[in-house]
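S.K.: Mind looking over this structure? Questions follow.
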Amino acid sequence: MAAPMLRWVGRGRLWTFARVDGGSCHRREAPTGSTSNWIRGQSSVAQQPLYTTQKPRKGEHKWAAVVGLEIHAQISSNSKLFSGSQVRFSAPPNSLVSFFDASLPGTLPVLNRRCVEAAVMTGLALNCHINKKSLFDRKHYFYADLPAGYQITQQRLPIAVNGSLTYGVCAGKKQSQVIPKTVRIKQIQLEQDSGKSLHDDLRSQTLIDLNRAEGQLRVDANISVHHPGEPLGVRTEVKNLNSIRFLAKAIDYEIQRQINELENGGEILNETRSFHYQLGCTMSMRDKEGKQDYRFMPEPNLPPLVLYDATSLPAGADPQQVINIDQIRETLPELPSVTRERLVQQYGMLLEHSFTLLNEVGLLEFFQNVIKETRAEPKKVTSWVLNTFLGYLKQQNLAVSERCGSDVYTEESKCSDSEQPFMDALTVCDVNVFSLLGAASPVTPSALAELLDLLDSRTISSAAAKEVFEELWKREGKTPGQIVSEKQLELMEDRGALEQLCHSMMEAHPQVVMDLKKGNPRAINKLIGLVRKATQSRADPAMIKEILEKKLSS
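Converting from the sequence shown to the working numbering requires adding 46 to each position, the first position being numbered 1.
Dropping the structure here:
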């Protein structure tokens, strides 16, 4: 109970697309009541449009979808939002419960300063307006994991409103083009967490754990479809989605289900649905036609939450007794959008490359450390890090470093069939599955930097560099220089010997030489390949080409 939570609520956006016949899902008996294991702490990111599924046939009507996301995010804090009880993952049931958490008569809420600061920081990072005065409300409803019979939230005047989040969408034939998109944030509010219901079907009973609802993030998707230019359709809410992939699948399925229903003369019910990840479909849980009256009222035991900035801070105010918005703004780390822009400007990399560097845990830090230690051009470093290094990581389910994954691994990543868990929108590096499951990379930034220096100084060829990288991956503790020396991978420095070898190859392959003289420029590549093979890739391809062209013209 009373775990610190943020709630992001998003506005809707339209997305026009054609009707596409979708598959059906055999409905199983829907569970009654609330599903177990969901979080009620919150922030809300805006309704997201979906892609155009296909062009409409002649005479077909277009459909537009409106999707809104309500994101329940757990605040990282040592104690709960309104009590001093500890927050500890996987603690024994009901071992971290204060009198207030148990809703004993006469207990009062005490607001956690850390949670307020986290909410302000979240609002600033999402470009929200921070309300200097916000209010707490009681939201009344009955459920066993809410012993007070109400939940403390911020319905009327939340801590932050009217924000935005910019993200990139991959497009193009090879999905290599990144198109920036922006979603609107309606509001961010602090909200008390409920307990956790553990349903025991074998004994037909439900157990309650008032420690808190475990996990870091849950999303509810509100979805409706309509014809462009017509009123919005009836929406359904898909509850308790805990992975990005499940969220996308649930939205896709629900849009097509609604379109099919309306095309066949049916109607959409205002209902709550759940997503069955094994069947890949949504199922009805309960309808909302009889809308529940939460009887919102001001929380009488909490005064208005008042924040200050540099202009409104009272003279002589105790810093420990007030929260300064501008001071929190100064502590914000460099946000992902700023980092991406800096990488593009500073290193001349493509925008899509900057997204990749930030989306893989620890990869940006690895890249920057290589840049510091090598003389190679940034573009070459980018290519090796994103293509060779990252490719090896993904092939073998390895992380960039040992620390990746250990700090963010949660029950959610296990309960969602190894799907990627949602992470907070503020994290600079999003967590991918491979970084959660794998060990650390055997190649350090210093080793890659040394390898690139050898390549940049023309000590080794590109092919030899790849061979050295493969040897580094074997975890034998050797440096690139030692590997080059042991395997004699240095480029040939004897130009005379290389000229003689080129001459021998031309004599041994007269037909290739004839093709060249007839105007086939590709034939020279075969000669270059033969010479390199004879030198075990130790000859510089550019020098080989220069020698061959000189001999052909003489």
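All C-beta atoms, glycine included, are put in the ideal place defined by N, C-alpha and C.
Measuring alpha carbon to alpha carbon, tell me which residue in G169, A296 and I176 is nearest I121.
M.R.: By one-based count along the sequence shown, residue 121 stands at place 75. For the residues G169, A296 and I176, the minimum Cα distance to I121 belongs to G169.
S.K.: Is K520 a contact residue of the ligand ZN, with contact defined as CB to any heavy atom under 7 Å?
M.R.: The model depicted lacks the ligand ZN and carries no ligand whatsoever.
S.K.: For the alpha helix (DSSP H) containing R159, list its first residue and its last residue.
M.R.: Counting from one through the sequence shown, the residue named residue 159 turns up at place 113. Start and end: R159 to A171.
S.K.: Taking S131 and N158 to be in contact with their CB atoms under 8 Å, please state how far apart those CB atoms are, rounded to whole angstroms.
M.R.: Residue 131 sits at position 85 when you count from the first residue of the sequence shown. Residue 158 sits at position 112 when you count from the first residue of the sequence shown. Rounded, the Cβ-Cβ distance is 11 Å, inconsistent with contact.
S.K.: Could you please give the first and the last residue of the uninterrupted alpha helix (DSSP H) stretch that includes A137?
M.R.: Indexing the sequence shown from 1 puts residue 137 at position 91. That residue, A137, is in no alpha helix (DSSP H); it is neither H nor E in DSSP.
S.K.: Using the C-alpha atoms, what's the distance from G565 back to V530?
M.R.: Here the question's residue 530 lines up with position 484 in the sequence shown. Here the question's residue 565 lines up with position 519 in the sequence shown. So the two alpha carbons sit approximately 38 Å from each other.
S.K.: Looking only at its chain, what residues have a beta carbon closer than 6 Å to the beta carbon of G209, apart from the 5 residues adjacent to it on each side?
M.R.: Locating residue 209 in the sequence shown gives position 163, counting from the first residue. Hits under 6 Å: L172, N173, C174 and I231.
S.K.: In chain order, what residues of the same chain lie with their CB nearer than 7 Å to the CB of M589, ignoring the 5 residues before and after it?
M.R.: Sequence index remark: in the sequence shown, residue 589 carries index 543 (1-based). Answer for M589: L544, listed in chain order.
S.K.: Should C607 go down as buried or exposed, given a rule of 16 or more other Cβ atoms within 10 Å for buried?
M.R.: Coverage of the chain is limited to positions 47 through 600, which leaves residue 607 absent and any answer about it impossible.
S.K.: At the level of alpha carbons, what is the spacing between L444 and P151?
M.R.: Counted from its first residue, the sequence shown places residue 444 at position 398. Counted from its first residue, the sequence shown places residue 151 at position 105. Cα to Cα, L444 sits roughly 52 Å from P151.
S.K.: Note down, one range per segment and in chain order, each beta strand (DSSP E) of at least 3 residues found wholly within the segment 183-271.
M.R.: Qualifying beta strand (DSSP E) stretches, in chain order: 183-186, 196-199, 206-217, 223-238, 242-246 and 251-255.
S.K.: Are there 16 or more other CB atoms within 10 angstroms of the CB of R421, so buried, or fewer, so exposed?
M.R.: Taking the first residue of the sequence shown as 1, we reach residue 421 at position 375. Burial call: exposed.
S.K.: Is the number of C-beta pairs between the segment 263-274 and the segment 283-301 that are closer than 8 Å three or more?
M.R.: As far as the Cβ criterion goes, the segment 263-274 touches the segment 283-301, which means the pair count is three or higher.
S.K.: Secondary structure at E513, three-state DSSP: helix, strand or coil?
M.R.: Numbered from its first residue, the sequence shown carries residue 513 at position 467. Note: E513 maps to helix in three-state DSSP.
S.K.: Nearest-angstrom Cα distance between L127 and P349?
M.R.: What you label residue 127 is simply residue 81 of the sequence shown in a count that begins at 1. What you label residue 349 is simply residue 303 of the sequence shown in a count that begins at 1. Straight-line Cα distance between these residues: approximately 15 Å.
S.K.: Between the C-alpha atoms of P193 and R134, what's the straight-line distance to the nearest angstrom?
M.R.: As a first step, residue 193 is located in the sequence shown; it is residue number 147 there, counting from the start. As a first step, residue 134 is located in the sequence shown; it is residue number 88 there, counting from the start. Between P193 and R134, the C-alpha separation is close to 21 Å.
S.K.: How far does the alpha helix (DSSP H) with E545 in it extend, from its first residue to its last?
M.R.: As a first step, residue 545 is located in the sequence shown; it is residue number 499 there, counting from the start. Taken as a continuous stretch (DSSP letters only), the alpha helix (DSSP H) holding E545 covers R541 to A554.
S.K.: Alpha carbons only, please: which of D339, Y299 and P155 is nearest the one belonging to Y323?
M.R.: Taking the sequence shown and counting its residues from 1, one reaches residue 323 at position 277. It is Y299.
S.K.: Grouping DSSP H, G and I as helix and E and B as strand, with all else coil, what is K564?
M.R.: Position 518 of the sequence shown, counted from the start, is the residue given in the question as residue 564. DSSP places K564 in coil when its eight states are reduced to three.
S.K.: Helix, strand or coil for M589 per DSSP?
M.R.: For the purposes of this step, residue 589 is taken as residue 543 along the sequence shown, with counting starting at 1. Correct three-state label for M589: helix.
S.K.: Given that a residue counts as buried once 16 or more other Cβ atoms are within 10 Å of its Cβ, and exposed if not, what is L115?
M.R.: Within the sequence shown, residue 115 is the residue found at index 69, counting from 1. The residue in question, L115, is buried, as its Cβ has 16 or more Cβ neighbours within 10 Å.
S.K.: Within this structure, are the beta carbons of S508 and R584 separated by less than 8 Å?
M.R.: Looking up residue 508 in the sequence shown gives position 462. Looking up residue 584 in the sequence shown gives position 538. Going by C-beta atoms, S508 is not nearer than 8 Å to R584.
S.K.: Does the distance from the CB of L142 to the CB of N257 come in under 8 Å?
M.R.: Here residue 142 refers to the residue found at position 96 of the sequence shown. Here residue 257 refers to the residue found at position 211 of the sequence shown. Their beta carbons are under 8 Å apart, which means L142 touches N257 by this criterion.
S.K.: If you run the structure through DSSP and keep just helix, strand and coil, what is L132?
M.R.: Position 86 of the sequence shown, counted from the start, is the residue given in the question as residue 132. Correcting the residue type first, residue 132 is Gln in the shown sequence and not Leu. Q132 falls in the strand class under three-state DSSP.
S.K.: Between which two residues does the alpha helix (DSSP H) containing K426 stretch?
M.R.: As a position in the sequence shown, residue 426 is number 380, starting the count at 1. That run of the alpha helix (DSSP H) goes P424 to S429.
S.K.: May I ask you to list the residues that DSSP assigns as paired with N370?
M.R.: Here the question's residue 370 lines up with position 324 in the sequence shown. Looking at the DSSP assignment, N370 forms a beta bridge with Y354.
S.K.: Does L598 pass the burial test, meaning 16 or more other C-beta atoms within 10 Å, or should it be called exposed?
M.R.: Working through the sequence shown from its first residue, we reach residue 598 at position 552. Under this definition L598 is an exposed residue.
S.K.: State the DSSP-derived secondary structure class of V479, mapped to helix, strand or coil.
M.R.: Here the question's residue 479 lines up with position 433 in the sequence shown. Low per-residue confidence applies at V479: pLDDT is 32, beneath 50, and the placement is therefore not dependable, though the value from the model is reported in the following sentence. Here V479 sits in helix by DSSP.
S.K.: Measuring alpha carbon to alpha carbon, tell me which of A110, L211, V207 and E553 ends up nearest Q233.
M.R.: One-based indexing of the sequence shown puts residue 233 at position 187. Checking every option, the nearest Cα to that of Q233 belongs to V207.
S.K.: With DSSP collapsed to three states, give me the class of I117.
M.R.: The sequence position of residue 117 within the sequence shown is 71, counting from 1. Note: I117 maps to strand in three-state DSSP.
S.K.: Secondary structure at F321, three-state DSSP: helix, strand or coil?
M.R.: The residue you call residue 321 lines up with position 275 of the sequence shown. Strand.
S.K.: Going by DSSP, what residue range makes up the alpha helix (DSSP H) through T385?
M.R.: The sequence position of residue 385 within the sequence shown is 339, counting from 1. Counting along the chain, the alpha helix (DSSP H) containing T385 begins and ends at P382 to Y393.
S.K.: If the criterion is Cβ atoms closer than 8 Å, does the pair V514 and L397 meet it?
M.R.: Taking the sequence shown and counting its residues from 1, one reaches residue 514 at position 468. Taking the sequence shown and counting its residues from 1, one reaches residue 397 at position 351. Cβ atoms of V514 and L397: not closer than 8 Å.
S.K.: Hey, out of S487, V407, G408 and D183, whose CA is closest to L439's CA?
M.R.: The residue given as residue 439 occupies position 393 in the sequence shown. Among S487, V407, G408 and D183, the Cα nearest to that of L439 belongs to S487.
S.K.: Helix, strand or coil for I176? Go by DSSP, reduced to three states.
M.R.: Here the question's residue 176 lines up with position 130 in the sequence shown. Three-state result, I176: strand.
S.K.: Where do the N-terminal and C-terminal ends of the alpha helix (DSSP H) with T282 fall, by residue?
M.R.: Here residue 282 corresponds to residue number 236 of the sequence shown, with the count starting at 1. First-last for T282: T282 to L287, but that is the beta strand (DSSP E), not the alpha helix (DSSP H).
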